[in-house]
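This report refers to the structure that appears directly beneath it.
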Amino acid sequence: MNFKSITFFDVLLSCFLVSKAEKVEVVVEGATSIAQTDEDFICVTLGWWPTNKCDYDQCPWGQAGLFNLDLKNKILEKAIKAFHPLRIRVGGSMQDQVVYNVRNNIENCKPFEKQDKGFLFGFSIGCLDMKRWDKLNEFFNQTRYKFMIYIAKVTFGLNALIGRKESETEKTLWVGDWYSHNARDLMRYTISKGYKIDSYELGNELCGVGVSARIEAKQYAKDMATLKNLVKEMYPNPKTQPKVLGPGGFYDKKWFDTFLDASGHDVIDGVTHHIYNLGPGNNPDVVRRVQDPFFLTQIAQTFKDVSNAIDKFAPWSGAWVSESGGAYNSGGQLVSYTFAFGFWYLDQLGMTSVYNHKVYCRQALTGGNYALLNTTTFIPNPDYYSALLWHRVMGSKVLSVTHKGSPYLRVYSHCAKNEPGISFIFINLSKKTFFEIDLFHDLNFHGGSPNFEFKGHKEREGYHLTPKDGNILSSVVLLNGKPLELSDSVEIPELKPKLVDGLKPISIAAHSIAFITIRDFNAPACS
Numbered sequence: 002m003n004f005k006s007i008t009f010f011d012v013l014l015s016c017f018l019v020s021k022a023e024k025v026e027v028v029v030e031g032a033t034s035i036a037q038t039d040e041d042f043i044c045v046t047l048g049w050w051p052t053n054k055c056d057y058d059q060c061p062w063g064q065a066g067l068f069n070l071d072l073k074n075k076i077l078e079k080a081i082k083a084f085h086p087l088r089i090r091v092g093g094s095m096q097d098q099v100v101y102n103v104r105n106n107i108e109n110c111k112p113f114e115k116q117d118k119g120f121l122f123g124f125s126i127g128c129l130d131m132k133r134w135d136k137l138n139e140f141f142n143q144t145r146y147k148f149m150i151y152i153a154k155v156t157f158g159l160n161a162l163i164g165r166k167e168s169e170t171e172k173t174l175w176v177g178d179w180y181s182h183n184a185r186d187l188m189r190y191t192i193s194k195g196y197k198i199d200s201y202e203l204g205n206e207l208c209g210v211g212v213s214a215r216i217e218a219k220q221y222a223k224d225m226a227t228l229k230n231l232v233k234e235m236y237p238n239p240k241t242q243p244k245v246l247g248p249g250g251f252y253d254k255k256w257f258d259t260f261l262d263a264s265g266h267d268v269i270d271g272v273t274h275h276i277y278n279l280g281p282g283n284n285p286d287v288v289r290r291v292q293d294p295f296f297l298t299q300i301a302q303t304f305k306d307v308s309n310a311i312d313k314f315a316p317w318s319g320a321w322v323s324e325s326g327g328a329y330n331s332g333g334q335l336v337s338y339t340f341a342f343g344f345w346y347l348d349q350l351g352m353t354s355v356y357n358h359k360v361y362c363r364q365a366l367t368g369g370n371y372a373l374l375n376t377t378t379f380i381p382n383p384d385y386y387s388a389l390l391w392h393r394v395m396g397s398k399v400l401s402v403t404h405k406g407s408p409y410l411r412v413y414s415h416c417a418k419n420e421p422g423i424s425f426i427f428i429n430l431s432k433k434t435f436f437e438i439d440l441f442h443d444l445n446f447h448g449g450s451p452n453f454e455f456k457g458h459k460e461r462e463g464y465h466l467t468p469k470d471g472n473i474l475s476s477v478v479l480l481n482g483k484p485l486e487l488s489d490s491v492e493i494p495e496l497k498p499k500l501v502d503g504l505k506p507i508s509i510a511a512h513s514i515a516f517i518t519i520r521d522f523n524a525p526a527c528s
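Quick note: to get the working numbering, add 1 to the position in the sequence shown (first position is 1).
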């Protein structure tokens with residue numbers, strides 16, 4: 002036998018032969034869209050954590066913090082450039098301890114230092130000097146052939162605790178007005194240098210009961226109005242004015258409702274919240290949870306509640322997940338950088354899209370166990386390629402898609418990106434069952450059965466993702482049977498679809514993920 006002639010689809014067939022088959026009818030309502038994301042829905046975070054940020058006897062952040070990150074690394078640069086552009090949220094837990102040394106009036110300006118007590122998260126105040134700010138912005142706003150190329154859309158997280166003090170009567174509560182002068186200095190400097198900021202987010206995880214500190218809802222609303230007025234003053238042109246985001250923490254209905262009601266009209270452009278629904282990073286149950294459709298669905302209520310709160314109190318705004326790493330305290334050990342984590346991550350992207358979220362920021366681009374790029378080598382982990390495929394394949398208009406088959410098959414559909422047709426993502430959480438998909442197009446406004454079974458006549462585009470050696474805890478992902486690896490010149494590999502006869506059934510292997518684009522599926526919503 003000529004083993005070179007064995008293709009990915011031969012291997013896939015062998016997988017099907019040892020797996021249980023299940024036919025599933027998938028119904029797409031293509032007449033109208035049900036939600037819409039931002040064009041740059043995919044977002045990643047870069048944080049401030051120092052090298053000695055440790056959890057569960059390991060220190061997985063290395064040199065990934067913003068004070069230490071190697072901005073000259075070619076893999077890092079090319080990984081970001083592949084998105085044209087990539088939305089990046091600069092912030093996180095330590096942002097409320099960062100001061101900006103714009104006027105060079107802070108003596109001994111240096112990054113965070115470990116402290117036993119008296120500071121949040123066990124670290125001192127960190128000082129950002131303008132040389133490092135210049136380097137970060139020169140990286141995000143690169144000049145090539147006399148043209149400025151914005152490889153990133155930057156959301157910058159501002160220190161919301163500056164000027165406040167801790168309450169003498171209530172533990173973790175911080176009181177007083179936000180001191181905006183340091184932020185004003187940073188904005189003035191940033192504008193003078195021509196650096197582009199897409200949005201400013203005030204504070205990190207200070208809402209509700211907070212994490213290490215908290216602010217009352219009405220006070221936070223007052224401070225958001227201060228930030229909005231500052232942005233309008235510093236950026237008077239509405240066309241180039243950065244958005245104002247907040248509160249950047251965990252959803253609490255009473256707190257969020259009060260906050261949004263008190264914020265005022267057109268103050269908040271993006272209502273941001275965080276998701277860590279898988280529990281702590283040392284939880285051995287994480288790998289089971291990312292394969293459990295019933296567990297994954299539990300968080301849907303939060304996305305719906307946030308969307309409903311915005312509809313009620315701030316309809317001019319939009320929902321953002323501005324930080325989500327799944328498992329808190331640096332991610333799930335031995336899980337968050339593997340193929341298996343893509344089940345959770347891509348399901349999150351699909352679910353938040355359905356509930357009209359505009360942006361989803363993955364914690365983190367690099368740093369911690371949940372990094373899209375290996376913290377030491379910057380070599381992409383599987384979820385990097387999943388994020389890149391979503392960015393390239395899934396458009397902004399979200400379609401309703403349903404099926405009555407196994408809950409272990411997750412399906413989401415959008416209008417295709419930049420081209421005619423629609424795109425799907427199929428997530429098969431089952432390790433034993435493969436699914437054969439029959440598509441139906443429902444154009445019936447008055448209920449009843451779908452109008453017709455869809456049979457494609459053009460070749461469809463398939464991106465089938467599977468783990469190396471069938472091991473979902475592998476950090477190597479295969480695209481249509483071939484490992485995704487950097488080239489010898491450290492180029493991001495080309496993501497080519499497999500073209501398949503449109504009349505052939507769509508097959509989704511056990512423990513796999515597939516992006517499918519069908520160009521001749523004529524959904525009126527996508528016209």
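The beta carbon of each residue, even a glycine, is placed where N, CA and C say it ideally should be. Fair warning: this is a prediction, and the values are worked out from it, not measured in the lab.
About 5 Å separates the beta carbons of Gly503 and Lys459, which is inside the 8 Å limit, making them a contact pair. In the displayed model, Ser94 falls within a helix according to three-state DSSP.
By the beta-carbon neighbour count (other beta carbons within 10 angstroms, threshold 16), Pro316 is exposed. Under DSSP, Lys115 shares a beta bridge with Phe124. Between Val360 and Val322, the C-beta spacing is below 9 Å.
Take Val212, set aside five residues on each side of it, and the residues of its chain with a beta-carbon closer than 6 Å to its own are Glu206, in chain order. In this structure, Pro61 is the residue among Gly31, Pro61, Arg461 with its C-alpha nearest to the C-alpha of Tyr329. When only Cα atoms are considered, Leu47 and Ser325 end up about 12 Å apart. Just measuring C-alpha positions, the residue of Arg393, Ile519, Thr298 sitting nearest Gln349 is Thr298. Sequence-distant Cβ neighbours of Ala226 in its own chain, meaning closer than 8 Å and more than five residues away, are Ser264, Gly265, Val268. Cβ-Cβ separation between Gly204 and Ala161: approximately 3 Å, consistent with a contact (criterion under 8 Å). Rounded to whole angstroms, the separation of the alpha carbons of Phe257 and Ile35 is 24 Å. For His182, the enclosing alpha helix (DSSP H) starts and ends at 182-193.
Taking the CA atoms as reference points, Phe157 sits about 41 Å from Ala510.
For Phe157, the uninterrupted beta strand (DSSP E) run begins and ends at 153-159, by DSSP.
Contact between Lys219 and Thr170 is ruled out by a C-beta separation of about 18 Å, above the 8 Å threshold. Annotated three-state conformation of Lys166 is strand, per DSSP. According to DSSP, residue pairing for Asn429 in a beta bridge involves Leu410, Ser513. Note that the stretch 89-101 touches the stretch 117-133; at least 3 beta-carbon pairs, one per stretch, sit closer than 8 Å. In this structure, the alpha-carbon of Leu390 lies about 8 Å from that of Phe516.
Taking the Cα positions, Ile426 is about 53 Å away from Glu108. Judged by DSSP in its simplified three-state form, Ile519 adopts strand. Residue ranges of uninterrupted beta strand (DSSP E) with 3 or more members, entirely inside the stretch 477-513 and ordered along the chain, are 478-480, 499-501, 507-509. Collapsing the DSSP output to three states places Arg461 in a strand.
Distance check between Cys55 and each of Ser20, Gln334, Asp186 places Gln334 closest, using alpha-carbon atoms only. In this structure, Val477 lies near Phe340, with their beta-carbon atoms less than 9 Å apart.
By the Cβ criterion, the stretch 235-249 is not in contact with the stretch 280-296, since fewer than three pairs of Cβ atoms, one from each stretch, lie closer than 8 Å. Counted as a single uninterrupted DSSP element, the stretch harbouring Arg363 is not any alpha helix (DSSP H) but the beta strand (DSSP E) occupying residues 358-363. For Lys24, the enclosing beta strand (DSSP E) begins and ends at 21-30. According to the DSSP assignment, Leu203 belongs to the beta strand (DSSP E) that extends over 200-203. Inclusion of Trp49 and Gly92 in the CB contact set at 9 Å is warranted, their separation being smaller than that value. At a Cβ-Cβ threshold of 9 Å, Glu30 and Ser528 do not count as neighbours. Going by DSSP, Phe140 is part of the alpha helix (DSSP H) stretching over 131-141.
The C-beta separation of Gly271 from Leu246 comes to about 4 Å, placing the pair in contact by the 8 Å criterion.
Excluding the 5 residues flanking it on each side, Leu500 has same chain C-beta neighbours closer than 7 Å at Glu460, Glu462, in chain order. Just so you know, the alpha carbons of Leu444 and Leu67 end up roughly 50 Å apart.
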